[in-house]
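Remarks on the structure that follows.
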Amino acid sequence: TLSRSLSETTLTTYAAGPLCFTQFCNRWSIDKDNRMPASPILLSAFLGSHAGTVSSPTAKNWVAGMRMWHIINNAEWHSDHEWVRLALRTACKEGSRFKCPLRSPVTIRHLRVLKEHLRTNEPYGAAVFVVAIVTFFGCHRLGETTVPSNTGFDSKLHATRASEITFSTTADGIETVDICIPWTKTTKEAGGTIILTAHGDDICPVEALKNHLKINNLPKEASLFAYRKNPVSNKDLNNTIPWVHMHKQDFLKMVNHFWTFHSLGAINGHSFRIGGTVALLLAGVPPKMVAATGGWTSLAFLGYWRRIEDIVTAATSQAYRQKTITEIGVAFEKFRIQQNLPVSSL
499 TLSRSLSETT LTTYAAGPLC FTQFCNRWSI DKDNRMPASP ILLSAFLGSH
549 AGTVSSPTAK NWVAGMRMWH IINNAEWHSD HEWVRLALRT ACKEGSRFKC
599 PLRSPVTIRH LRVLKEHLRT NEPYGAAVFV VAIVTFFGCH RLGETTVPSN
649 TGFDSKLHAT RASEITFSTT ADGIETVDIC IPWTKTTKEA GGTIILTAHG
699 DDICPVEALK NHLKINNLPK EASLFAYRKN PVSNKDLNNT IPWVHMHKQD
749 FLKMVNHFWT FHSLGAINGH SFRIGGTVAL LLAGVPPKMV AATGGWTSLA
799 FLGYWRRIED IVTAATSQAY RQKTITEIGV AFEKFRIQQN LPVSSL
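Take the sequence shown: its letter number 228 is residue 726 in the numbering used here, and every next letter is one higher.
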């Protein structure tokens with residue numbers, strides 16, 4: 499069906515739109531024949547009734563959900579109508595007070611605290627640590643390294659133990675790993691590659707991956723960062739110990755438990771992508787290489803940096819020196835010039 503083109507998380511998010519729209523129509527006794535397709539007047543009234551009561555992202559997700567609902571039912575969609583556009587703009591503007599507070603990026607300090615508390619010589623600890631390290635240094639989204647739920651696992655969307663993992667060594671003798679993943683938020687089914695480089699320290703992503711693969715010894719059908727429920731011994735030659743997926747919310751609950759205990763503050767899934775990006779830039783990795791690591795085009799990466807700049811600045815006093823942030827800004831300006839991108843990109 500058409501709904502299968504969406505991930506479980508997106509489908510759940512979009513479902514709220516048609517549900518709230520139906521409740522609105524029921525409340526005002528709107529005839530069912532007039533609900534599909536929804537007229538510009540009805541859509542505008544629906545959005546207007548919720549202006550100032552929901553956040554901007556919620557309003558936009560409702561409209562996206564309504565659009566998908568119409569597409570699935572092969573019905574005409576009127577979101578391009580100026581009334582609907584203005585109604586959505588008003589709802590977003592009035593909902594600004596519901597905006598979630600900025601979350602600080604994950605830092606090297608976060609990772610080292612995590613390493614101190616996890617038993618990385620056991621299946622669960624090894625899996626939690628590798629997810630944190632790979633997501634961070636790979637500059638990827640947490641939804642691309644974890645699974646939403648047991649029923650939400652799909653080998654077409656999530657990497658498995660059978661996914662291609664290539665270990666190689668550069669001419670300089672530095673070990674690298676490329677992990678092929680079947681789906682990303684931006685490339686969809688074209689997939690992407692998580693690129694990791696060895697550091698030779700206690701939070702080396704290459705070593706964390708090797709440790710996880712060895713300790714959990716997963717079957718090909720398991721998600722890549724799943725874990726065994728109990729330690730795997732040498733006697734378990736048939737790999738009979740059951741394994742479970744690494745669920746996104748369970749993972750966040752675990753890492754936030756340690757980080758809040760150390761007064762580092764709770765983070766969300768996107769904090770890894772932001773933190774990894776900043777860490778690589780602070781380490782002197784050229785923006786062009788960081789863009790390739792995170793799967794951005796040059797222009798998209800400049801836009802991404804502009805969006806997260808306020809978050810990074812807010813965290814500067816605790817995690818970074820202001821001088822280093824300024825240096826990153828200079829590096830981005832050089833990057834813009836090298837890529838022949840307009841000044842408006844920054």
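We treat Cβ as the ideally placed atom computed from N, Cα and C, and that holds for glycine. Remember, it's a predicted structure, so these values are computed and weren't measured experimentally.
### Task
Using beta-carbon positions only, say whether ALA829 and PRO785 come within less than 8 Å of one another.
Numbered from 1 along the sequence shown, position 331 holds the residue referred to as residue 829. Numbered from 1 along the sequence shown, position 287 holds the residue referred to as residue 785. Yes, these two residues count as a Cβ contact at 8 Å.
### Message
In chain order, what are the residue ranges of uninterrupted beta strand (DSSP E) at least 3 long that sit wholly in the stretch 603 to 682?
### Response
Counting only runs of at least 3 residues, the stretch 603 to 682 fully encloses the following beta strand (DSSP E) elements, listed from N- to C-terminal order: 663 to 667, 673 to 679.
### Task
Could you spell out where the beta strand (DSSP E) holding THR695 opens and where it closes?
Here residue 695 corresponds to residue number 197 of the sequence shown, with the count starting at 1. It spans 690 to 695 - the beta strand (DSSP E) in which THR695 sits, taken as one unbroken run.
### Task
Would you decide whether SER769 is buried or exposed? Buried here means 16 or more other CB atoms lie within 10 Å of its CB.
Within the sequence shown, the letter at position 271 stands for residue 769. Answer is buried; the Cβ neighbour count reaches 16.
### Task
Verify whether the separation of the beta carbon atoms of THR644 and VAL629 is less than 8 Å.
Position 146 of the sequence shown, counted from the first residue, corresponds to residue 644. Position 131 of the sequence shown, counted from the first residue, corresponds to residue 629. It is a contact, given that the beta carbons lie within the stated cut-off.
### Task
Rank HIS638, LYS832, GLY546 by C-alpha distance to the C-alpha of ILE772 and give the top, closest one.
Taking the sequence shown and counting its residues from 1, one reaches residue 772 at position 274. Comparing alpha carbon positions, the residue from HIS638, LYS832, GLY546 closest to ILE772 is HIS638.
### Beta-carbon proximity of LEU609 to ILE631, cut-off 8 Å
In the sequence shown, residue 609 corresponds to position 111, counting from 1. In the sequence shown, residue 631 corresponds to position 133, counting from 1. Yes, Cβ-Cβ distance for LEU609 and ILE631 is below 8 Å.
#### Entry: Buried or exposed (CB count within 10 angstroms, at least 16 for buried), TRP794
In the sequence shown, counting from the first residue as 1, residue 794 sits at position 296. Burial of TRP794 is indicated by the presence of at least 16 other C-beta atoms within 10 angstroms of its C-beta.
### Task
Would you list the residues sitting across from TRP741 in a DSSP beta bridge?
The residue labelled residue 741 in the question sits at position 243 within the sequence shown. Answer is ARG726, bridged to TRP741.
#### Entry: Start-to-end residues for the alpha helix (DSSP H) that takes in MET534
Here residue 534 corresponds to residue number 36 of the sequence shown, with the count starting at 1. DSSP places MET534 outside any alpha helix (DSSP H), giving it a letter other than H or E.
### Query
Which residues in the same chain have their Cβ closer than 6 Å to the Cβ of PHE799, if we skip the five residues on either side of it in sequence?
To locate residue 799, count along the sequence shown from 1; it is residue 301. Same-chain partners within the cutoff: ALA789.
### Query
Looking only at C-alpha atoms, which of SER553, PHE651, GLU614, ALA781 sits nearest to GLU592?
Within the sequence shown, numbered from 1, the residue matching residue 592 stands at position 94. Nearest option by C-alpha distance: SER553.
### Task
Would you identify the three-state DSSP class for SER721, choosing helix, strand or coil?
Counting from 1 along the sequence shown, the entry for residue 721 is found at position 223. Secondary structure at SER721: strand, using DSSP grouped into helix, strand and coil.
### Query
If LYS718 and ARG659 are in contact, beta carbons under 8 Å, what's the gap, nearest whole angstrom?
If you number the sequence shown from 1, residue 718 lands on position 220. If you number the sequence shown from 1, residue 659 lands on position 161. Between LYS718 and ARG659, the beta carbon gap of about 5 Å places them in contact (Cβ cut-off 8 Å).
### Query
Does the stretch 745 to 765 come close enough to the stretch 686 to 693 that 3 or more CB-CB pairs lie under 8 Å?
Because the criterion of three Cβ pairs below 8 Å is not met, the stretch 686 to 693 and the stretch 745 to 765 do not touch.
### Query
From what residue to what residue does the alpha helix (DSSP H) around LYS591 run?
Here residue 591 refers to the residue found at position 93 of the sequence shown. Where LYS591 is concerned, the enclosing alpha helix (DSSP H) stretches over 580 to 592.
### Supposed close pair ALA777, ILE528 - CB separation, criterion 8 Å
Numbered from its first residue, the sequence shown carries residue 777 at position 279. Numbered from its first residue, the sequence shown carries residue 528 at position 30. Not a contact, Cβ separation roughly 52 Å.
### Residue span of the alpha helix (DSSP H) that contains GLN521, given as start and end
Here residue 521 is taken as the residue at index 23 of the sequence shown, counted from 1. Looking at the DSSP string, the run of the alpha helix (DSSP H) that includes GLN521 is 506 to 525.
### Task
Measure the Cβ-Cβ separation of GLY641 and THR775 and say whether it is below 8 Å.
On the sequence shown, position 143 is the one that residue 641 refers to. On the sequence shown, position 277 is the one that residue 775 refers to. For the 8 Å CB-CB criterion, GLY641 and THR775 do not form a contact.
### Query
Quick one: Cα of SER815 to Cα of LEU762, how far?
Locating residue 815 in the sequence shown gives position 317, where the first residue counts as 1. Locating residue 762 in the sequence shown gives position 264, where the first residue counts as 1. Low confidence applies here, because SER815 scores a pLDDT of 49, under 50, leaving its location unreliable; read the following figure in that light. Put simply, the backbone Cα of SER815 is about 13 Å away from that of LEU762.
#### Entry: Expected contact under 8 Å - CB spacing of HIS576 and SER537 to nearest Å
Indexing the sequence shown from 1 puts residue 576 at position 78. Indexing the sequence shown from 1 puts residue 537 at position 39. Correct: roughly 7 Å between the Cβ atoms.
### Query
With distances taken between CB atoms, is the gap from ALA657 to LEU722 smaller than 8 Å?
Counting from one through the sequence shown, the residue named residue 657 turns up at place 159. Counting from one through the sequence shown, the residue named residue 722 turns up at place 224. Yes; because the gap between Cβ atoms is below 8 Å, this pair is in contact.
### Query
How would you write the range of the alpha helix (DSSP H) that TRP560 sits in, first residue to last?
Taking the sequence shown and counting its residues from 1, one reaches residue 560 at position 62. Per DSSP, TRP560 is one residue of the alpha helix (DSSP H) stretching across 554 to 570.
### Member of ASN559, GLY792, HIS760 whose CA lies at the smallest distance from the CA of THR684
Within the sequence shown, the letter at position 186 stands for residue 684. It is GLY792.
### Query
Where do the N-terminal and C-terminal ends of the alpha helix (DSSP H) with PRO785 fall, by residue?
For the purposes of this step, residue 785 is taken as residue 287 along the sequence shown, with counting starting at 1. If you look at PRO785, you'll find it in the alpha helix (DSSP H) that goes 785 to 792.
### Alpha-carbon spacing of SER661 relative to ASN715, whole angstroms
Mapped onto the sequence shown, residue 661 falls at position 163. Mapped onto the sequence shown, residue 715 falls at position 217. Separation of SER661 and ASN715 (C-alpha to C-alpha, rounded to the nearest whole angstrom) is 14 Å.
### Query
Under 7 Å from any heavy atom of the ligand FAD, does the C-beta of ASP670 make it?
Within the structure as shown, the ligand FAD is missing, as the structure has no ligands at all.
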